[in-house]
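Engineer:
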Amino acid sequence: MVKRLNRLAYFAAGGALFASLAVPASAVEVTIVSGDTGTAVQNFKDLVKPWEDETGNTAKIVPMPSSTTDQFGQYRLWLAAGNADVDLYQTDVIWAPQLADHFVDLSDAAKDVIDDYFPSIIQSQTVDGKLVAMPIFTDAPALYYRKDLLDKYGKEPPKTWTELAETAKEIQDGERADGNADMWGYVWQGNAYEGLTCDALEWVKSYGGGQIVEPDGTISINNPKAAAAVEEAASWINTISPEGVLAYMEEEARGVWQTGNAVFMRNWPYAYALGNDDSSPIKGEFDVTTLPAGPDGGSPAATLGGWNVAVSKYSKHQEAAVSLAMYLAGPEAQKERALKQTNLPTLVALYDDPEIAEQQPIIPRWKEVFLNAVPRPSAPTKGKYNEVSSLFWSAVHNTLAGDGTAAENLEILEIDLEDLKGSGW
Amino acid sequence: MTETSSALPPATGGGRERSLEDQRRRAAFWFLVPMLVMLFCVAAWPLLRSIYFSFTDTTLDNLYGGKWIGFDNYLYRRELSSGRVLWRGTLADADWWNAVWNTVRFSIISVSIETVLGLLVALVLNARFVGRGIVRAAILIPWAIPTIVSARMWGLMFNDQFGIINDMLLKLGLIDHKIAWTANIDTAMIAVLIVDIWKTTPFMALLCLAGLQMIPRDIYEAAKVDGVNPVKVFFRVTLPLVRPALMVAVIFRMLDALRIFDLIYVLTPNSAATKTMSIISRENMIDFNKFAYGSAQSTLLFTIIALFVILYIWLGRVDLGGKDAR
Chain Y
575 MVKRLNRLAY FAAGGALFAS LAVPASAVEV TIVSGDTGTA VQNFKDLVKP WEDETGNTAK
635 IVPMPSSTTD QFGQYRLWLA AGNADVDLYQ TDVIWAPQLA DHFVDLSDAA KDVIDDYFPS
695 IIQSQTVDGK LVAMPIFTDA PALYYRKDLL DKYGKEPPKT WTELAETAKE IQDGERADGN
755 ADMWGYVWQG NAYEGLTCDA LEWVKSYGGG QIVEPDGTIS INNPKAAAAV EEAASWINTI
815 SPEGVLAYME EEARGVWQTG NAVFMRNWPY AYALGNDDSS PIKGEFDVTT LPAGPDGGSP
875 AATLGGWNVA VSKYSKHQEA AVSLAMYLAG PEAQKERALK QTNLPTLVAL YDDPEIAEQQ
935 PIIPRWKEVF LNAVPRPSAP TKGKYNEVSS LFWSAVHNTL AGDGTAAENL EILEIDLEDL
995 KGSGW
Chain F
4 MTETSSALPP ATGGGRERSL EDQRRRAAFW FLVPMLVMLF CVAAWPLLRS IYFSFTDTTL
64 DNLYGGKWIG FDNYLYRREL SSGRVLWRGT LADADWWNAV WNTVRFSIIS VSIETVLGLL
124 VALVLNARFV GRGIVRAAIL IPWAIPTIVS ARMWGLMFND QFGIINDMLL KLGLIDHKIA
184 WTANIDTAMI AVLIVDIWKT TPFMALLCLA GLQMIPRDIY EAAKVDGVNP VKVFFRVTLP
244 LVRPALMVAV IFRMLDALRI FDLIYVLTPN SAATKTMSII SRENMIDFNK FAYGSAQSTL
304 LFTIIALFVI LYIWLGRVDL GGKDAR
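In the order they appear, the protein sequences are chains Y and F. Just so you know, the first sequence maps onto residues 575 to 999 in the working numbering. Just so you know, the second sequence maps onto residues 4 to 329 in the working numbering.
Written as structure tokens, this is what we have:
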């Protein structure tokens, strides 16, 4: 009963905003664009079925490349042109300040349910008092490890990066000697794109090297701890990580991991359900833990990710679009996504859901991780975040590729960031 | 009849002829107008507008609200309170010059190799052999595949773990470990070049073949009768005669190569080793919301291409009117 009422509340909330307009309720097609990572696009039809049945509207998904950097460029172009073909955008957690002007304020539609969400996430999507997007799932990366291989070599899941490198090397060499020449120790996201900013922020933060640009706007990246962290990562290339990681994004890393050719992988929780799929060769053979810590009592760090849905100001079906946004962010859709795609919910209550806990044990365990996750500096750097991120990932990518040392590249990065900052972000 | 025409003063007859000429000219003009209007709308207007944007501080979020700022997007001098002097703008941007260098390097290498290979292929196709029609059609396949598809396809073939290129090279014993073709800064450009050459050689071959077919057969027969050796025939007869067509083919390819975008954007995104001028200008315009700065870069790209083409036509005495080809 409570559940039903709750669901009604979400629909009512979605409709309330435009009810006063008294538009005749005719069925419309609502278009949503979304990146294509994992199985989200395939599952979309089932996911929106209840909403379609309830409202009589239909929802169409337009898949985009999985790189968030690529998606952003396209979305910005559409929004700048006032494109009315797309009603809903699935947006990355970092985009809110940059795209706020193009989206509808959802605070009225969400006012009855807003307290059900984690306040920090709602905060991240609120720009100048305007709720830009509804969070549909949050993200914090995990260290995936092969239980079977660790048991075989009598190892524990690593607590520090150094341990990770040692364990990875030993198992990788052992497995290669046993005949699997394609075995690698550790795969992650090293391509020059937003994902590398996430990976590298974790290394730097876990070494105590700050978070690139601090919340108060200070540029902190040029310090010995940050340099040591990036230097350590560079030492993995060609030892425990294939040189190809320099071109890997999430799905490339998962490709190596899920064919059974990696001991460790850094990836987001979505890879958990896929790895345990019936067709996966490593089904049931792996587990997850938090990412390793830096040396000298450093603590692990996880970059805060997450996706939201925002309603375009230029949409011709705003009422239906708001209703779909509220549904996609609502408990029913979030639970479905948690069960099928191991997407972490943004609704506090779902972490205590017994069904989720049983089928996807990673989710209740991840609540703590993401509560302590480190945000990328999108809030302090505002509209310049993309450029900050691009400068950062380029400096890191150069170091990883052997073009200059970490200390040299971070020194230049600091100057570039200072120039970019100018008199203020 | 004869009387009337002879009675007319010659000047009048000339006048009528001239007015006929005028009429034809006017008709031709009116026939051309729709095309000129079209060209203005789709080519000249966007170009002028983009040049205009490069002198403003326009952002993508605010396309109509930019202010005129002169040459600041290109170059300006800033003196800091500490007395330090900073040069800003595209012309002082190291990333831009890296992109220029990448583009020029890519264009020269790819077009040179494509020209040589294309000519070789054309020579083969020009010979008479059984099944020539099928071979001619088959060789065009790489050119017919959309760039985005071939870039993705080659991306998979270049994959370091399961790519077929590494597998073949390993089996042949040419390499001893798998190479991350698109990730490694030393091989990224090579990978891009391989794909571009694979894709565009057929186009070059086609243009060369058209040139070869214009050469009269009897020249070769005469050479054969005189017993001139084939290498000499190629350098003394074929090459000079095919040169006008070849020069035009090279200019088309060069124009294409200098503005390369899609192949690199898909195959090696964001790699500093392969970023070209058009990639970097798109990045500034869209990703970084610096529309005016990106416009300045695309204006420079336009200028560089224009200068290059003028220089090439002038130095190479390329005959674009087609008068020498006959």
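By construction, the Cβ of each residue, glycine as well, lies at the ideal position given by its N, Cα and C atoms.
Among Y:E737, Y:C772 and Y:A801, which residue has its Cα nearest to the Cα of Y:G759?
Structural biologist: Numbered from its first residue, the first sequence carries residue 759 of chain Y at position 185. Measuring from the Cα of Y:G759, the nearest candidate turns out to be Y:E737.
Engineer: To be precise: take each residue of the stretch 271-291 of chain F, compare its Cβ to all Cβ atoms of chain Y, and keep it if any distance is under 8 Å. Which residues remain?
Structural biologist: T271, P272, N273, S274, A275, R285, E286, I289, D290 and F291
Engineer: Decide if F:Y67 is buried, meaning its Cβ has at least 16 other Cβ atoms within 10 Å, or exposed.
Structural biologist: If you number the second sequence from 1, residue 67 of chain F lands on position 64. Exposed, by the Cβ-count rule.
Engineer: For chain Y, find out if any of its Cβ atoms is closer than 9 Å to the Cβ of F:D179; answer yes or no.
Structural biologist: As a first step, residue 179 of chain F is located in the second sequence; it is residue number 176 there, counting from the start. It does not: the Cβ of F:D179 has no partner Cβ on chain Y nearer than 9 Å.
Engineer: Measuring only between beta-carbons, confirm whether Y:H971 sits less than 9 Å from chain F.
Structural biologist: Working through the first sequence from its first residue, we reach residue 971 of chain Y at position 397. True, the Cβ-Cβ gap to chain F drops below 9 Å.
Engineer: What are the start and end residues of the alpha helix (DSSP H) that includes Y:K634?
Structural biologist: Your numbering for residue 634 of chain Y matches position 60 in the first sequence. For Y:K634, there is no enclosing alpha helix (DSSP H); the residue is found in the beta strand (DSSP E) stretching over T632 to M638.
Engineer: Would F:Q164 count as contacting chain Y if we go by Cβ distances under 9 Å?
Structural biologist: Within the second sequence, numbered from 1, the residue matching residue 164 of chain F stands at position 161. With 9 Å as the cut-off, F:Q164 counts as an interface residue toward chain Y.
Engineer: Output, in sequence order along the chain, the residues in the stretch 73-94 of chain F whose CB is closer than 9 Å to any CB in chain Y.
Structural biologist: L89 and R91
Engineer: Tell me the start and end of each unbroken beta strand (DSSP E) in the stretch 711-750 of chain Y that is at least 3 residues and wholly inside, in chain order.
Structural biologist: 716-720
Engineer: In terms of residues, what are the limits of the beta strand (DSSP E) holding Y:W758?
Structural biologist: Position 184 of the first sequence, counted from the first residue, corresponds to residue 758 of chain Y. Run containing Y:W758: W758 to V761, per the beta strand (DSSP E) assignment.
Engineer: What's the gap between the Cα of Y:Y888 and the Cα of Y:N960?
Structural biologist: Against the first sequence, residue 888 of chain Y aligns to sequence position 314. Against the first sequence, residue 960 of chain Y aligns to sequence position 386. Spanning the two alpha carbons is a distance of roughly 24 Å.
Engineer: Cβ of F:D64 less than 9 Å from any chain Y Cβ?
Structural biologist: For this step, residue 64 of chain F is matched to residue 61 along the second sequence. Output row for F:D64: interface = yes.
Engineer: Taking three-plus beta-carbon pairs below 8 Å as touching, is the stretch 152-166 of chain F in contact with the stretch 223-233 of chain F?
Structural biologist: no
Engineer: Which residues, in chain order, does the stretch 805-816 of chain Y contribute to contact with chain F at a C-beta distance below 7 Å?
Structural biologist: P816
Engineer: Examine the Cβ distances between the stretch 245-261 of chain F and the stretch 204-211 of chain F and report whether three or more of them are shorter than 8 Å.
Structural biologist: yes
Engineer: Give a yes or no on whether the C-beta atoms belonging to Y:A803 and Y:G880 are separated by under 9 Å.
Structural biologist: Counted from its first residue, the first sequence places residue 803 of chain Y at position 229. Counted from its first residue, the first sequence places residue 880 of chain Y at position 306. No, the Cβ-Cβ distance between Y:A803 and Y:G880 is not below 9 Å.
Engineer: Quick one: residues in its chain with C-beta nearer than 6 Å to the C-beta of Y:T642, no 5 flanking neighbours on either side, listed in chain order?
Structural biologist: Within the first sequence, numbered from 1, the residue matching residue 642 of chain Y stands at position 68. Take Y:T642, set aside five residues on each side of it, and the residues of its chain with a beta-carbon closer than 6 Å to its own are D666 and E768, in chain order.
Engineer: Can you name, in chain order, every residue of its own chain whose Cβ lies under 7 Å from the Cβ of F:D98, other than the five neighbours on each side?
Structural biologist: Reading the second sequence from its first residue, position 95 is the one you call residue 98 of chain F. Leaving aside the five residues that flank F:D98 on each side, the residues in its chain whose CB is nearer than 7 Å to its CB run, in chain order, I283.
Engineer: Are Y:R650 and F:D290 closer than 9 Å when you measure CB to CB?
Structural biologist: By 1-based counting over the first sequence, the position of residue 650 of chain Y is 76. By 1-based counting over the second sequence, the position of residue 290 of chain F is 287. A contact, by the Cβ cut-off of 9 Å.
Engineer: Please report the distance separating the alpha-carbon of Y:I986 from that of Y:I811.
Structural biologist: Mapped onto the first sequence, residue 986 of chain Y falls at position 412. Mapped onto the first sequence, residue 811 of chain Y falls at position 237. C-alpha separation (whole angstroms): 23 Å.
Engineer: Any contact between the stretch 684-696 of chain Y and the stretch 810-827 of chain Y? By contact I mean 3 or more CB pairs, one from each, below 8 Å.
Structural biologist: Touching, no.
Engineer: Does Y:V650 have its Cβ less than 9 Å from a Cβ in chain F?
Structural biologist: On the first sequence, position 76 is the one that residue 650 of chain Y refers to. Strictly speaking, residue 650 of chain Y in this sequence is Arg, with Val absent from that position. It does: the Cβ of Y:R650 has a partner Cβ on chain F nearer than 9 Å.
Engineer: So for Y:Q664, helix, strand or coil by DSSP?
Structural biologist: One-based indexing of the first sequence puts residue 664 of chain Y at position 90. Y:Q664: strand per DSSP, three-state reduction.
Engineer: Residues of the stretch 950-978 of chain Y with a CB closer than 9 Å to any CB of chain F: list them in chain order, please.
Structural biologist: G957, K958, N960, E961, S964, W967, S968, H971, N972, A975, G976 and D977
Engineer: Which residues in chain F have a C-beta closer than 9 Å to the C-beta of Y:A803? List them in chain order.
Structural biologist: Locating residue 803 of chain Y in the first sequence gives position 229, counting from the first residue. Within chain F, no residue has its beta carbon less than 9 Å from that of Y:A803; the closest one is some 21 Å off.
Engineer: On the CB-based measure, 16 or more other CB atoms within 10 Å of its CB, does F:T277 come out buried or exposed?
Structural biologist: Here residue 277 of chain F corresponds to residue number 274 of the second sequence, with the count starting at 1. Buried, since its Cβ has 16 or more Cβ neighbours within 10 Å.
Engineer: If I measure Cβ to Cβ from Y:P731 and keep anything under 8 Å in the same chain, skipping five residues before and after, which residues do I get?
Structural biologist: Here residue 731 of chain Y refers to the residue found at position 157 when the first sequence is read from its first residue. The beta carbon of Y:P731 sits closer than 8 Å to those of L717, Y719, L724, D861 and T863, all from its chain and outside the five residues before and after it, given in chain order.
Engineer: Among the residues of its own chain, which have a CB less than 7 Å from the CB of Y:W652, if the five just before and after it don't count?
Structural biologist: Translated into the one-based positions of the first sequence, residue 652 of chain Y becomes position 78. Once the five neighbours on either side are set aside, the close Cβ partners of Y:W652 are V660.
Engineer: So for F:L310, helix, strand or coil by DSSP?
Structural biologist: What you label residue 310 of chain F is simply residue 307 of the second sequence in a count that begins at 1. Helix, per DSSP.
Engineer: Could you tell me the alpha carbon to alpha carbon distance between F:A147 and Y:I989, rounded to whole angstroms?
Structural biologist: Numbered from its first residue, the second sequence carries residue 147 of chain F at position 144. Numbered from its first residue, the first sequence carries residue 989 of chain Y at position 415. Their backbone Cα atoms lie some 47 Å apart in a straight line.
Engineer: Measure how close the beta-carbons of Y:A847 and Y:Q785 come, nearest whole angstrom, since I'm counting them as under 8 Å.
Structural biologist: For the purposes of this step, residue 847 of chain Y is identified with residue 273 of the first sequence, where counting begins at 1. For the purposes of this step, residue 785 of chain Y is identified with residue 211 of the first sequence, where counting begins at 1. The pair is not a contact, with the Cβ atoms about 30 Å apart (cut-off 8 Å).
Engineer: Would you say Y:D773 and Y:R828 are within 9 Å of each other, going by their C-beta atoms?
Structural biologist: One-based indexing of the first sequence puts residue 773 of chain Y at position 199. One-based indexing of the first sequence puts residue 828 of chain Y at position 254. In this structure, Y:R828 does not lie closer than 9 Å to Y:D773 by Cβ.
Engineer: Quick one: what's got a C-beta closer than 7 Å to F:N292's C-beta in the same chain, skipping five residues either side?
Structural biologist: Along the second sequence, one-based indexing puts residue 292 of chain F at 289. Cβ neighbours of F:N292 beyond the five flanking positions: T62, L63 and D64.
Engineer: May I have the straight-line CA-CA distance separating Y:S873 from Y:L775, to the nearest angstrom?
Structural biologist: Translated into positions along the first sequence, residue 873 of chain Y becomes position 299. Translated into positions along the first sequence, residue 775 of chain Y becomes position 201. Cα to Cα, Y:S873 sits roughly 13 Å from Y:L775.
Engineer: Using the C-alpha atoms, what's the distance from Y:D686 back to Y:V922?
Structural biologist: Within the first sequence, numbered from 1, the residue matching residue 922 of chain Y stands at position 348. Within the first sequence, numbered from 1, the residue matching residue 686 of chain Y stands at position 112. The straight-line gap from Cα to Cα measures roughly 15 Å.
Engineer: Where do the N-terminal and C-terminal ends of the beta strand (DSSP E) with F:I116 fall, by residue?
Structural biologist: Taking the first residue of the second sequence as position 1, residue 116 of chain F is located at position 113. Counting along the chain, F:I116 falls outside any beta strand (DSSP E), though it belongs to the alpha helix (DSSP H) covering A97 to N129.
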